[in-house]
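Scroll down for the structure; my scribbles are underneath it.
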Amino acid sequence: MHRKTINRIKLLSLTACFVTYHSYAASNIDKASVQNIVDAAIQPLLQKNAIPGMAIAVTVDGKNYIYNYGVASKETRQKITDETLFEVGSFSKTFAATIASYAEIDGKLSLSDSASKYLPSLRGGNFDAISLLNFGTHTSSLPLFVPDSIENTDQLLDYLKKWQPSHAAGTYRNYSNIGIGMLGMIAAKSMNESYDDVLEKKLFPELGMTHSYLNVPADQTNNYAQGYTKKDEPVRLNVGMLASEAYGVKSTAADLIRFIDVNINAGKQGGKWQRAVAATHIGYFNSGAMTQDLMWEQYPYPVELKRVLAGNAATYTDAVATKLNPSLQPQADVLINKTGSTNGFATYAAFVPAKKIGVVILANKNYAIDERVTAAYQILTQLDDRTASKSKSPAK
802 MHRKTINRIK LLSLTACFVT YHSYAASNID KASVQNIVDA AIQPLLQKNA IPGMAIAVTV
862 DGKNYIYNYG VASKETRQKI TDETLFEVGS FSKTFAATIA SYAEIDGKLS LSDSASKYLP
922 SLRGGNFDAI SLLNFGTHTS SLPLFVPDSI ENTDQLLDYL KKWQPSHAAG TYRNYSNIGI
982 GMLGMIAAKS MNESYDDVLE KKLFPELGMT HSYLNVPADQ TNNYAQGYTK KDEPVRLNVG
1042 MLASEAYGVK STAADLIRFI DVNINAGKQG GKWQRAVAAT HIGYFNSGAM TQDLMWEQYP
1102 YPVELKRVLA GNAATYTDAV ATKLNPSLQP QADVLINKTG STNGFATYAA FVPAKKIGVV
1162 ILANKNYAID ERVTAAYQIL TQLDDRTASK SKSPAK
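Residue numbers (my numbering): 802 to 1197.
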């Protein structure tokens, strides 16, 4: 047997030994059943992809469970715990969407406004025909990445002046860090604050997210997991322009499942931030397999796995988008999801408001999105089956 194979087996053995479980409250379904459901979906991922560590959070009717697997660092062998911080990648975009929604509720902006209204240097050009809503729904035609040569806002605006769209705004869905980055920046500016301050000093505290950061503080660095590429090379986030808005958040499974709970119950709560969260579930465009909300994506529930996989496919770009008129108000019988990736981390979250179930999957290694989606779908559908069977009364 090759040495690499032996080392991989040793790593997987250690990973399997380091799984821990924590429940924050009793559930109306058997705790062991939840553990079995999660294990069945996650253990194959750990083994197939040689993932050093994962944290899985599950919510069932407002009751949260955290499941920790493996290690935060292959070098130190420090275990994954409830306090372990993961880079969440593009899941960060849901926070930018929430801030923009809050700014609209607070009367600071309107998503129907043209982008150039808030970017004077871009008036009289392409951005007169691009709305803030286009920024928040990937329908602006802006490219995915900010060019590496751009290091400040002035350079970015100069680049945008020269940029030419490949499609008219609102006609195609092109996933874009620049679009949501600009929306987050504009929203914070409309509130007369920096984006980082709005996120870390307002949104996170208001939603009870006490271990979520853009800049990990010194007293939390020991909890910051080491990331690994698909080739098992250690890596950490390389921060560039619009990172805060588009992909820069580090968080714990416990904090993210609290955010999912807020999303599940947003329509039933009256606070301004909760209303802002609820508004991010409005459907604005149909594009292929899914409906595009404000950064979130949704599917009618129940839904077949192949449809959710199609909506999250790596090739899902430059897709025709059809504007919904009127917009689709927040629904309960839907599966809402969002992926997130950095070079060394992988994230996926999904929830079904009508069933009051949700899951967050975090890993300190980048691996295929379809595998994350499949594992989460397995967990959610089995939770749905178990909770449905528990709620049925015996026949008389």
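Note that beta-carbon positions come from the ideal geometry of N, C-alpha and C, so glycine has one too.
All values reported here derive from a predicted model rather than from experimental measurement.
**OP:** Return the residue from the list Q836, M986, N1024, G890 that minimises the CA-CA distance to F936.
**Re:** M986
**OP:** With a 10 Å radius around its C-beta and 16 neighbouring C-beta atoms as the bar for buried, classify E952 as buried or exposed.
**Re:** With fewer than 16 other Cβ atoms within 10 Å, it is exposed.
Original post:
Hey, would you say A1067 sits closer than 8 Å to A1055, going by beta carbons?
Top reply: no
**OP:** State the start and end residues of the unbroken beta strand (DSSP E) segment that holds N1087.
**Re:** Element bounds for N1087: 1084-1088.
Subject >> Segments of 4+ residues assigned as alpha helix (DSSP H) that fall wholly inside the segment 996-1059 >> reply: 996-999, 1044-1047
Original post:
Using 8 Å as the threshold, is the segment 1149-1157 in touch with the segment 1173-1192, meaning 3 or more CB pairs across them?
Top reply: yes
**OP:** Give every residue of the same chain whose Cβ lies closer than 7 Å to the Cβ of S995, excluding the five residues on either side of it in the sequence, and list them in chain order.
**Re:** If we look at S995 and ignore the five residues flanking it on each side, its Cβ neighbours are A989.
**OP:** Can you tell me which of the three DSSP states N837 falls into?
**Re:** Assigned with DSSP and collapsed to three states, N837 falls in helix.
Original post:
Can you give the Cα-Cα distance for A1047 and G890, rounded to whole angstroms?
Top reply: 7 Å
**OP:** Count the C-beta pairs between the segment 864-881 and the segment 898-905 that are closer than 8 Å, then say yes if the count reaches three, no if not.
**Re:** Contact between the segment 864-881 and the segment 898-905 is absent, with fewer than three C-beta pairs closer than 8 Å.
**OP:** Let me know the secondary structure DSSP gives I852 once reduced to three states.
**Re:** coil
Original post:
I think P1103 touches V1135, with their Cβ atoms under 8 Å apart; what is that distance to the nearest whole Å?
Top reply: Contact between P1103 and V1135 is absent: CB atoms are separated by about 10 Å, not below the 8 Å threshold.
Original post:
If you draw a straight line from the alpha carbon of A1189 to that of A1111, how long is it in whole angstroms?
Top reply: 27 Å
**OP:** Tell me, to the nearest whole angstrom, how far the beta carbon of V1017 is from that of L886; I am working on the premise that it is less than 8 Å.
**Re:** 6 Å
Original post:
Whose C-beta lies closer than 8 Å to the C-beta of S913 among residues of the same chain, with five residues either side of it excluded?
Top reply: S932, L933, L934
**OP:** Return the first residue and the last residue of the alpha helix (DSSP H) that G926 is part of.
**Re:** Premise fails: G926 is in no alpha helix (DSSP H) and is neither H nor E.
**OP:** Have a look at the DSSP bridge pairing and note the partners of L1136.
**Re:** Y1100
Original post:
How many whole angstroms separate the CB atoms of L984 and L923, which I take to be in contact at a CB cut-off of 8 Å?
Top reply: Not really, about 14 Å apart at Cβ, beyond 8 Å.
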